[in-house]
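Protein chains in written order, with this note's numbering: chain A, 1 to 112; chain B, 113 to 227. Ideal Cβ positions, reconstructed from N, Cα and C, are used throughout, including at glycine. Working notes, beginning with the structure itself.
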Amino acid sequence: GEDVEQSLFLSVREGDSSVINCTYTDSSSTYLYWYKQEPGAGLQLLTYIFSNMDMKQDQRLTVLLNKKDKHLSLRIADTQTGDSAIYFCAEEPDSSASKIIFGSGTRLSIRP
Amino acid sequence: NAGVTQTPKFQVLKTGQSMTLQCAQDMNHEYMSWYRQDPGMGLRLIHYSVGAGITDQGEVPNGYNVSRSTTEDFPLRLLSAAPSQTSVYFCASSYDHGSGANVLTFGAGSRLTVL
């Protein structure tokens with residue numbers, strides 16, 4: 001079946017790098033996504049990666065994809081207080097079915 | 113553009129009552145979906161639609177009905193509310209599906225409490 005797993009909490013010091021990990025089950029997923037949810041708001045897309053890529057970099061964000069292990073990670077360089085949020089990993093198991101399955105979300109908190 | 117608009121933002125129901133959560137988008141998106149968000153469980157897909165007149169079930173469809181009579185609107189109906197349906201509900205839409213990334217635009221959420 002389709003399942004996406006993430007750890008629930010991560011705490012990092014301001015200025016350090018944050019690495020949020022995700023595992024997924026469906027090897028046919030064509031796209032994998034990272035969304036960010038700030039308090040009291042809906043989710044917003046941070047970035048996504050196509051399944052034939054290993055890495056994607058966008059300013060402070062780096063996404064790494066290991067298809068063999070079905071493992072996705074999001075690295076945030078130079079973490080700032082504004083990065084405090086819940087981060088969701090999501091997979092699209094079958095692009096023709098248009099279903100997107102989300103993980104439980106990782107709450108990132110920043111220590112001064 | 114307003115994007116994805118959900119109403120109401122907050123609602124309290126008694127067990128057994130019915131209600132409809134409204135969702136409207138003005139981006140001419142073909143794909144629309146409803147999720148519920150519960151602590152520690154992330155977002156779970158309730159129902160989705162790939163176009164007007166077409167709906168399909170997600171992971172947790174029981175207790176909910178949807179219809180898609182127009183491209184713009186995708187209401188979610190609770191026929192007989194239960195305390196287990198206490199949650200925050202998100203509507204989301206996207207333009208691309210079937211090819212390319214399916215980038216979702218989310219509404220601000222509707223917080224429902226069933227007593």
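| query | result |
| --- | --- |
| Entirely enclosed beta strand (DSSP E) segments - the segment 40-109 of chain A, minimum 3 residues | 43-50, 55-58, 61-66, 71-76 and 85-91 |
| Residue from B:F202, B:F122 and B:L227 with nearest C-alpha to P187 of chain B | B:F202 |
| Proximity of I100 of chain A and V4 of chain A at Cβ, strictly below 7 Å | no |
| Given 8 Å, three or more beta-carbon pairs between the segment 78-90 of chain A and the segment 158-172 of chain B | no |
| Residue-level contact to chain A via CB, G163 of chain B, 7 Å cutoff | no |
| CA-to-CA distance, K36 of chain A to L45 of chain A, given in whole angstroms | 6 Å |
| Three-state secondary structure (DSSP) of S17 of chain A | coil |
| Beta-carbon neighbours of A220 of chain B, restricted to chain A and to distances below 7 Å | A41 and G42 |
| Minimum Cβ-Cβ distance from E92 of chain A to chain B less than 7 Å | yes |
| Bridge partners - A204 of chain B, DSSP secondary structure assignment | B:S145 and B:F218 |
| Which of helix, strand or coil DSSP assigns to Q134 of chain B | strand |
| One or two residues paired with D150 of chain B in a DSSP bridge | B:G154 |
| Chain B within 7 Å of S84 of chain A, Cβ atoms only | no |
| Cα-Cα separation between Q6 of chain A and M55 of chain A, rounded to whole angstroms | 19 Å |
| Cβ-Cβ distance between S29 of chain A and M153 of chain B below 7 Å | no |
| Buried/exposed call for Y50 of chain A, threshold 16 Cβ in 10 Å | The sequence given here places Phe at residue 50 of chain A; Tyr does not occur at that position. Answer is exposed; the Cβ neighbour count stays below 16. |
| Residues sharing a beta bridge with A122 of chain B, DSSP | Per the sequence shown, the amino acid found at residue 122 of chain B is Phe instead of Ala. F122 of chain B is bridged to B:R223. |
| Beta-carbon gap between V116 of chain B and Q137 of chain B smaller than 7 Å | yes |
| Interface flag, F9 of chain A vs chain B, CB-CB below 7 Å | no |
| Beta-carbon gap between L125 of chain B and A193 of chain B smaller than 7 Å | yes |
| Cross-chain neighbours of L157 of chain B in chain A, by beta carbon under 9 Å | K99, I100, I101 and F102 |
| For L32 of chain A, the first and last residue of its enclosing beta strand (DSSP E) | Y31 to Q37 |
| The segment 55-74 of chain A in contact with the segment 10-23 of chain A per 3-pair CB rule at 8 Å | yes |
| C-beta neighbour in chain A for A114 of chain B, strict 7 Å | no |
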